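Peer 1:
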Amino acid sequence: MKVRILFDNEAASGYKHGWGFSCLVGGTLLFDVGGNSDTLLFNMRKSQVDFEAIDKVFLSHAHTDHIGGISILKYLGDVKVYIPESFSSNFIDGLRDFGNVSVIKVKNQTKIDEGLYSTGELGKTVLEQSLIVKTENRYVVIVGCSHPGIDDILKEANKIGKITGIVGGFHDYSRIEELSGFEIISSCHCTSYKKEIKLLYQIAYRDCGVGSTIHI
């Protein structure tokens, strides 16, 4: 399965970068929508994304750098949008105004589709959900900003299956040696110790930036 990076602080030549994160999982699930829709739309078109194939949008948490590009929904067909239950009623009403959206609120660990799961809302101050992906070879967790802490995210995700891959924003996670044994590590967006992670895990590490494709 492929994870294609569509919005990130870093971008390959010819793509646009911005503060935020979004990726396309398996061609059908859009994880977060970055900080603004113009940049996301440009990068999706540049990446030749099949807009009509996307039938699920997964929003990790309510910070602008992850939901600011929500108007991308008007370019999609009918979609199910999975949001943490804590999202504001105003935001939910705005989603429904698009007309092509079915809103699904997530509180606890939830199966989204075959091989796709939400950890459910985690955290105390910033409530955030992460996506668990089961591939033929492994279980991978995709994170937005890891505000609840990677330790707590992995603890919950491991209830689905032994996680050996992680993609997304690690925030200020510093106990990077605890990722030993992971087969795929791709630190994006808000990661404080990206250089250290890349140096320590040269085999498992996958570069993350707009235009990157990560095979999970």
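Residue numbers (the numbering used here): 657 to 872. Beta carbons are placed, not taken as given, at the ideal position from N, Cα and C, and that holds for glycine. For clarity, every value in this text was computed on a predicted model and none was experimentally measured.
Could you tell me whether the Cβ atoms of Asn692 and Gly676 are closer together than 9 Å?
Peer 2: As a working mapping, residue 692 is identified with position 36 in the sequence shown. As a working mapping, residue 676 is identified with position 20 in the sequence shown. Cβ atoms of Asn692 and Gly676: closer than 9 Å.
Peer 1: Would you tell me roughly how many angstroms separate the C-alpha atoms of Tyr795 and Phe838, rounded to the nearest one?
Peer 2: As a first step, residue 795 must be located in the sequence shown, where it is residue number 139. As a first step, residue 838 must be located in the sequence shown, where it is residue number 182. Between Tyr795 and Phe838, the C-alpha separation is close to 10 Å.
Peer 1: For Asp863, name the three-state secondary structure that DSSP assigns.
Peer 2: Mapped onto the sequence shown, residue 863 falls at position 207. In the structure shown, Asp863 sits in coil (DSSP, three-state: anything other than H, G, I, E or B).
Peer 1: Among residues of its own chain, excluding the 5 on either side of Asp688, which ones have a beta-carbon nearer than 8 Å to its beta-carbon?
Peer 2: Working through the sequence shown from its first residue, we reach residue 688 at position 32. Correct list, in chain order: Phe663, Gly676, Phe677, Ser678, Cys679, Phe714, Leu715, Ser716, His722, Ile723, Gly800.
Peer 1: Taking only runs of the beta strand (DSSP E) that begin and end inside the stretch 677 to 715, which ones reach a length of at least 3 residues, in chain order?
Peer 2: Within the stretch 677 to 715, the complete beta strand (DSSP E) runs of at least 3 residues are 678 to 681, 685 to 687, 712 to 714.
Peer 1: Going along the chain, which residues of its own chain have a beta-carbon closer than 6 Å to the beta-carbon of Gly779, five neighbours each way excluded?
Peer 2: Here residue 779 refers to the residue found at position 123 when the sequence shown is read from its first residue. Cβ within range, chain order: His803, Pro804.
Peer 1: Suppose you measure from the CA of Asp808 to the CA of Ile840; what does that come to, to the nearest Å?
Peer 2: If you number the sequence shown from 1, residue 808 lands on position 152. If you number the sequence shown from 1, residue 840 lands on position 184. Cα to Cα, Asp808 sits roughly 19 Å from Ile840.
Peer 1: Ignoring anything shorter than 4 residues or poking outside the stretch 793 to 871, list the alpha helix (DSSP H) runs there in chain order.
Peer 2: Runs found: 806 to 813, 850 to 856.
Peer 1: Beta-carbon within less than 6 Å of Lys850's beta-carbon, same chain only, minus the 5 sequence neighbours each way: which residues are those?
Peer 2: Walking along the sequence shown from the start, residue 850 turns up at place 194. The answer, listed in chain order, is Ser843.
Peer 1: Please tell me whether Lys712 and Val735 are closer than 9 Å, where the distance is taken between their beta carbons.
Peer 2: As a working note, residue 712 is residue 56 in the sequence shown. As a working note, residue 735 is residue 79 in the sequence shown. Going by C-beta atoms, Lys712 is nearer than 9 Å to Val735.
Peer 1: Evaluate Gln704 with the Cβ neighbour count: other Cβ atoms within 10 Å of its Cβ, from every protein chain shown; 16 or more gives buried, anything less gives exposed.
Peer 2: As a first step, residue 704 must be located in the sequence shown, where it is residue number 48. Exposed, since its Cβ has fewer than 16 Cβ neighbours within 10 Å.
Peer 1: Whole alpha helix (DSSP H) runs in the stretch 753 to 789 with 4 or more residues, listed along the chain?
Peer 2: Counting only runs of 4 or more, we get nothing.
Peer 1: Hey, out of Gln858, Leu787, Thr720, Gly733, whose CA is closest to Ser836's CA?
Peer 2: One-based indexing of the sequence shown puts residue 836 at position 180. Cα-wise, what sits closest to Ser836 is Gln858.
Peer 1: Give every residue of the same chain whose Cβ lies closer than 6 Å to the Cβ of Thr820, excluding the five residues on either side of it in the sequence, and list them in chain order.
Peer 2: Taking the first residue of the sequence shown as position 1, residue 820 is located at position 164. Within the same chain, Thr820 has close Cβ partners Arg794, Phe838, Glu839.
Peer 1: State buried or exposed for Ser745, treating a residue as buried only when at least 16 other CB atoms are found within 10 Å of its CB.
Peer 2: The residue you call residue 745 lines up with position 89 of the sequence shown. Classification of Ser745: exposed, given that the 10 Å Cβ count is below 16.
Peer 1: Give the DSSP-derived three-state secondary structure of Lys658 in the structure shown.
Peer 2: Position 2 of the sequence shown holds residue 658. DSSP places Lys658 in strand when its eight states are reduced to three.
Peer 1: Could you give the first and the last residue of the continuous alpha helix (DSSP H) run that contains Ile723?
Peer 2: By one-based count along the sequence shown, residue 723 stands at place 67. Unbroken alpha helix (DSSP H) run through Ile723: 720 to 723.
Peer 1: Starting from Lys736, trace the beta strand (DSSP E) in both directions and tell me its first and last residue.
Peer 2: In the sequence shown, counting from the first residue as 1, residue 736 sits at position 80. Counting along the chain, the beta strand (DSSP E) containing Lys736 begins and ends at 735 to 740.
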